[in-house]
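Report on the following structure.
Numbering (the UniProt record's numbering), first residue to last: 1 to 411.
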């Protein structure tokens, strides 16, 4: 296991270097592109005289439980690191658009994408049950916080736009995971849970995550306030994420939501009331390094996953159609929320365009797709998910900065 970890860390570092030295794309996207090219190169070498090379790398990839690695560990670290730099007052100011998009928006997108997918699959001759299409809608509906944060980092977005996009992406994973879990339970149990059971599940996962994240975040804040040594204070936040994530899965509450809440508390109360300048500097440096390393590793793994997926031209065509459908569903969920919001407060021009184009899909969708039960439907949905994620990150991720700048220069 240690050899596997060492191999992937070294490979990710090499891909990061190649991107920085020769390609020059944004770090996370560049690493994914170089990993994708590396996958294609391995496949090409296997065809021209190096038999078994692709199979050996594929065997290494099969040893990684991508779903467990991302959903149980990496996502907690990345969400905590992202939430550390979100101003709680700004988040409170834009709570209504964030709340609508992170809850009702995810539910609407799940249904819209699910029915569109059912129609597209039938068009291509694939008989996929509607429940699996709705599962696809649930796993592809949340915007990915890691991809969004990476894309917006270099874009000069206005505060309302940036706060809304980042806030939504930090919180909508919890809603999507609950919807996905309910639909997956219907498939596995063969029966539809009652409204009461669904409400209890949502309350336990989402509300439980908020409460538990608040408790451990506040407890850690009090501990940080009682010491004046940056090494101890940084270690406390590291223990918060590792121990808190493990406890979330024992308590069956949402670890992503808990880590967002805990990160907001440490990044606001802790930063302002419990840390001196040296601690802030070391805290920011440590979590920025963790964020950059895990981002690079995550997108390298997404790029290398190509080796494991059964692709053909029909998959590419259907994935392209559904990528457009996912973008259209994003517009259908964003536009009503923003139009409604304009009745009570001023909303900058171009908000709908930026929120629609900035709704990137990423590793969360891939991880959820990998947790589907084995079968033909899983192979198809996993391939389509990967194509939609790739197109979202490569097309929207590389151009969202231009969209933001264009909107910002309009009167």
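For every residue, glycine included, the Cβ atom is placed at its ideal position computed from N, Cα and C.
Query raised in the report: Does the beta-carbon of residue 349 have 16 or more other beta-carbons within 10 angstroms, so that it is buried, or is it exposed?
Result: exposed
Report task. Kindly give me the distance between the Cβ atoms of residue 225 and residue 176, rounded to whole angstroms, as I take these residues to be in contact under 8 Å. Result -> No, residue 225 and residue 176 are not in contact; Cβ-Cβ is about 35 Å, not under 8 Å.
Query raised in the report: Taking Cβ to Cβ, would you say residue 13 is nearer than 7 Å to residue 300?
Result: no
**Report entry** Reduced DSSP secondary structure (H/G/I, E/B, other) of residue 92
**Finding:** helix
Query raised in the report: Near residue 267, what residues of its chain come up, given a Cβ to Cβ distance below 7 Å and the 5 sequence neighbours on each side ignored?
Result: In chain order, 83, 84, 85 and 86 place their CB closer than 7 Å to the CB of residue 267, counting only its own chain and leaving out the 5 sequence neighbours on each side.
Query raised in the report: For residue 275, does the three-state DSSP call read helix, strand or coil?
Result: Reduced to three states, the DSSP call for residue 275 is coil.
Query raised in the report: On the three-state DSSP scale, how would you describe residue 73?
Result: helix
Requested in this report: Measure the C-alpha to C-alpha separation of residue 230 and residue 323 and round it to an integer number of angstroms.
Outcome: 46 Å
Report task. Specify the secondary structure class of residue 401 as computed by DSSP and reduced to three states. Result -> helix
Query - Closest residue to residue 80 among 70, 170 and 303 (Cα-Cα distance) - result: Nearest of 70, 170 and 303 to residue 80, Cα basis: 170.
Report task. With DSSP as the reference, label residue 373 as helix, strand or coil. Result -> It is coil, neither helix nor strand.
Query raised in the report: From 36, 330 and 338, pick the residue whose C-alpha is nearest to that of residue 143; which is it?
Result: 330
Report task. Examine the Cβ distances between the segment 102–122 and the segment 187–205 and report whether three or more of them are shorter than 8 Å. Result -> no
Query - DSSP three-state assignment for residue 118, whether helix, strand or coil - result: For residue 118, the secondary structure class from DSSP, reduced to helix, strand or coil, is helix.
Query raised in the report: If you draw a straight line from the C-alpha of residue 38 to the C-alpha of residue 282, how long is it?
Result: Straight across, the Cα-Cα distance linking residue 38 with residue 282 is about 35 Å.
Query raised in the report: Given 8 Å as the limit, is there contact between the segment 250–263 and the segment 292–299, that is, 3 or more CB pairs closer than that?
Result: Contact fails: fewer than three Cβ-Cβ distances are below 8 Å.
Query raised in the report: Would you report the Cα separation of residue 367 and residue 173, rounded to the nearest angstrom?
Result: 12 Å
Requested in this report: Following the continuous alpha helix (DSSP H) through residue 63, name the residue where it begins and the one where it ends.
Outcome: Here residue 63 belongs to no alpha helix (DSSP H), and DSSP marks it neither H nor E.
**Report entry** Sequence-distant residues of its chain with Cβ nearer than 6 Å to residue 356 (five each side left out)
**Finding:** 330, 331 and 334
Query - residue 28 CB to nearest heavy atom of the ligand ZN below 6 Å - result: Of the ligands one can find in the structure shown there are none, so the ligand ZN has no counterpart to examine.
Report task. Compute the beta-carbon to beta-carbon distance between residue 381 and residue 136, rounded to the nearest angstrom, for a pair I have assumed lies under 8 Å. Result -> 5 Å
Query raised in the report: Is residue 24 helix, strand or coil by DSSP?
Result: coil
Report task. Compare the C-alpha of residue 131 against each of 167, 179 and 279 and name the closest. Result -> 179
Query raised in the report: What did DSSP end up calling residue 295 once you bin it into helix, strand or coil?
Result: helix
Query - residue 290 vs residue 77 beta-carbon contact at 7 Å - result: It is a contact, given that the beta carbons lie within the stated cut-off.
Report task. Classify residue 228 as helix, strand or coil using the three-state DSSP reduction. Result -> Per DSSP, reduced to three states, the secondary structure at residue 228 is coil, with no helix or strand assignment.
Report task. Reducing DSSP to helix, strand and coil, say where residue 97 ends up. Result -> If DSSP states are grouped into helix, strand and coil, residue 97 belongs with the helices.
Query raised in the report: Can you list, in chain order, the residues of its chain whose CB lies under 7 Å from that of residue 457, leaving out five sequence neighbours each side?
Result: The structure shown does not extend to residue 457, since the chain spans only 1 to 411, so no value can be given for it.
Query raised in the report: For residue 385 versus residue 371, is the C-beta spacing smaller than 7 Å?
Result: Cβ distance not < 7 Å, so residue 385 and residue 371 don't count as in contact.
Query raised in the report: By DSSP, does residue 286 sit in helix, in strand, or in coil?
Result: helix
Query raised in the report: Do residue 257 and residue 187 come within 7 Å of each other at the CB atom, strictly closer than that value?
Result: no
Query raised in the report: Which residue from 55, 110 and 272 puts its Cα closest to that of residue 89?
Result: 272
Query raised in the report: Start and end of the alpha helix (DSSP H) containing residue 333?
Result: 313–341
**Report entry** Same chain only: Cβ atoms within 7 Å of residue 419, ignoring 5 sequence neighbours per side
**Finding:** The first residue shown for the chain is 1 and the last is 411, placing residue 419 beyond what the model contains.
Report task. Output the boundary residues of the alpha helix (DSSP H) element that contains residue 265. Result -> 255–265
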